[in-house]
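**Student:** As you go down the protein sequences, you meet chains A and B in turn.
The opening residue of the first sequence carries number 1 in my numbering; numbering runs sequentially from there.
The opening residue of the second sequence carries number 1001 in my numbering; numbering runs sequentially from there.
The structure follows.
Number of protein chains: 2
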Amino acid sequence: MNSHSRTQRSDGIRSREAILDEAARLATVAGLDGLSIGRLADAVGMSKSGLYAHFRSKEELQLATIETATAFFFSRIVEPAQQAPDGLGRLRLLLDGFLDYVEGGVYPGGCFFASVAAEMDTRPGRVRDSAIRLSLQWIQLLADAIRDAQAEGSLHAGEDADQLAFELNAYLLLSNAQYVALQNGMPIARAKSAIAARLAAAGAAPKA
Amino acid sequence: MNSHSRTQRSDGIRSREAILDEAARLATVAGLDGLSIGRLADAVGMSKSGLYAHFRSKEELQLATIETATAFFFSRIVEPAQQAPDGLGRLRLLLDGFLDYVEGGVYPGGCFFASVAAEMDTRPGRVRDSAIRLSLQWIQLLADAIRDAQAEGSLHAGEDADQLAFELNAYLLLSNAQYVALQNGMPIARAKSAIAARLAAAGAAPKA
């Protein structure tokens, strides 16, 4: 798309992708449940009927929003980490990537998935399942990187990989929650310090 | 109140305290924002006008609900911990008390304060401030107990008390989030294991 057609589009018709990016931002503030088609129409400056052309129901909009946020999370954090030459490097890129994503203020309510999982955890259905799926995938990515690092001898073989993944993820998620609530960098620094100490205790050489 | 007057009351007029206990449970599922007077009236089996006699606005209801949940949190976790003879004992009672409160299923959405802080963090106002106040008090209680334990020689003086409090609290909050989402005891066990290892690394003698 060239800049001319972008300008034309800004008059009212926005791309599905741009609408869903805005929906994801809104969901971290108002909740996925607060993501009505009317509210989103106001946020993107389109008519409700214009939005209905994209999404026929609130549930469809919620699921598409989760899909968009998932794709963003993978492209921003997970895929770059796959470039690391080894397990420990991948683990560190995943952890640092998460903290950068929180601190970068992509979403006003912090990590999209922490936000929607906290909201949806007690409400059975497709939206809840979809919101929780990425949280579980994320834990698995951390544990897999730890296992690779153990096989490569850069983390102690005696560490329980799932337990270590839990502890590292705990630092990330508290950091996210406090960063959003307090709006200062201290929780990010605390998480980095906790991660460095925990990885050193697990046998990792200091970060290059 | 004797059991006779209790029976009479159950016909429709419920005590302010019972209404607010129900409001707190509802808030961990529907959110504090989902806590409308109409929805609460349905949950407690009262008329909306009967509830308006107790709370004149949604904000007043939200603030009273936070106050009730705070009082419960103190009586259930904080006050019993004050009975410990020393700082390390108090720290352990606070940590165990929190996990018991999550596992005990007091609220269907887990810790009331984690739930409402995640919802309200981006919405400035009295409700947000009140919801976040207890989270900050809680961190202070943990850090104070750690400092007392350091002064008493039961934790290493070289530990940064605020950093250690952050790490221990991180295990609690991830455990809470995962317990609600997954409905099994594994996250509680992981938090206990993380706490035991972290306190041992900080110099604590094994739990008696």
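Quick reminder that beta carbons are idealized off the backbone N, C-alpha and C, glycines included.
1. Spell out a yes or no on whether the segment 1024 to 1037 of chain B and the segment 1062 to 1075 of chain B are touching, meaning 3 or more CB-CB pairs, one atom from each, closer than 8 Å.
2. Looking at chain A, is there any beta carbon in it that lies within less than 8 Å of the beta carbon of Gly1109 of chain B?
3. Would the segment 1156 to 1176 of chain B count as touching the segment 183 to 199 of chain A if we require 3 or more Cβ pairs under 8 Å?
4. Using a Cβ cut-off of 8 Å, pull out every chain B residue sitting near Thr122 of chain A, in sequence order please.
5. State the DSSP-derived secondary structure class of Asn169 of chain A, mapped to helix, strand or coil.
6. Once you ignore the five residues that flank Gln1082 of chain B on each side, which residues in its own chain have a CB closer than 8 Å to its CB?
7. Starting from the C-beta of Arg128 of chain A, find all residues in its chain whose C-beta is less than 6 Å away, skip the five residues before and the five after it, and write them out in chain order.
8. Please report how far the alpha carbon of Arg1092 of chain B lies from the alpha carbon of Ala1181 of chain B, in whole angstroms.
9. Keeping to the same chain, check which residues put their C-beta closer than 8 Å to that of Arg1076 of chain B; ignore five residues upstream and five downstream.
10. Which term fits Glu159 of chain A, buried or exposed, when burial requires 16 or more other beta carbons within 10 angstroms of its beta carbon?
11. On the three-state DSSP scale, how would you describe Glu22 of chain A?
12. Assign Pro85 of chain A to buried or exposed, taking buried as 16 or more other Cβ atoms, counted over all protein chains shown, within 10 Å of its Cβ.
13. Which value, in whole angstroms, describes the spacing of the CA atoms of Leu199 of chain A and Ala1151 of chain B?
14. In whole angstroms, give me the CA-to-CA distance for Asp42 of chain A and Phe113 of chain A.
15. DSSP on Phe55 of chain A, reduced to helix/strand/coil?
16. Please state whether DSSP places Asp86 of chain A in a helix, a strand or coil.
17. Can you say whether Gly185 of chain A is buried or exposed, counting buried as having 16 or more other CB atoms within 10 angstroms of its CB?
18. If we cut at 8 Å on Cβ distances, does Leu1174 of chain B have a partner in chain A?
19. Name, going along the chain, the residues of the segment 128 to 147 of chain A whose beta-carbon falls closer than 8 Å to a beta-carbon of chain B.
20. Starting from Val1044 of chain B, follow the alpha helix (DSSP H) in both directions and report where the run begins and ends.
21. Tell me, please, whether the CB atom of Tyr1209 of chain B is closer than 8 Å to any CB atom in chain A?
22. For Ala161 of chain A and Ala143 of chain A, which I take to be in contact (beta-carbon distance under 8 Å), what is that distance rounded to the nearest angstrom?
23. Quick check on Phe1074 of chain B - is its C-beta less than 8 Å from some C-beta in chain A?
24. Is Glu1152 of chain B helix, strand or coil when you go by DSSP?
**Tutor:** This is what the structure gives:
1. yes
2. yes
3. yes
4. Thr1028, Val1029, Pro1108, Gly1109, Val1180, listed in chain order.
5. helix
6. Arg1090
7. Met120
8. Taking the Cα positions, Arg1092 of chain B is about 25 Å away from Ala1181 of chain B.
9. Gly1097, Tyr1101, Val1106
10. Flag for Glu159 of chain A reads buried.
11. helix
12. exposed
13. 28 Å
14. 24 Å
15. coil
16. Note: Asp86 of chain A maps to coil in three-state DSSP.
17. exposed
18. yes
19. Of all residues in the segment 128 to 147 of chain A, the ones placed with a Cβ closer than 8 Å to any Cβ belonging to chain B are Ile132, Ser135, in chain order.
20. 1037 to 1044
21. With chain B running from 1001 to 1208 in the structure shown, residue 1209 of chain B is simply not present.
22. Indeed, because the Cβ distance is near 5 Å, the residues count as touching under 8 Å.
23. no
24. coil
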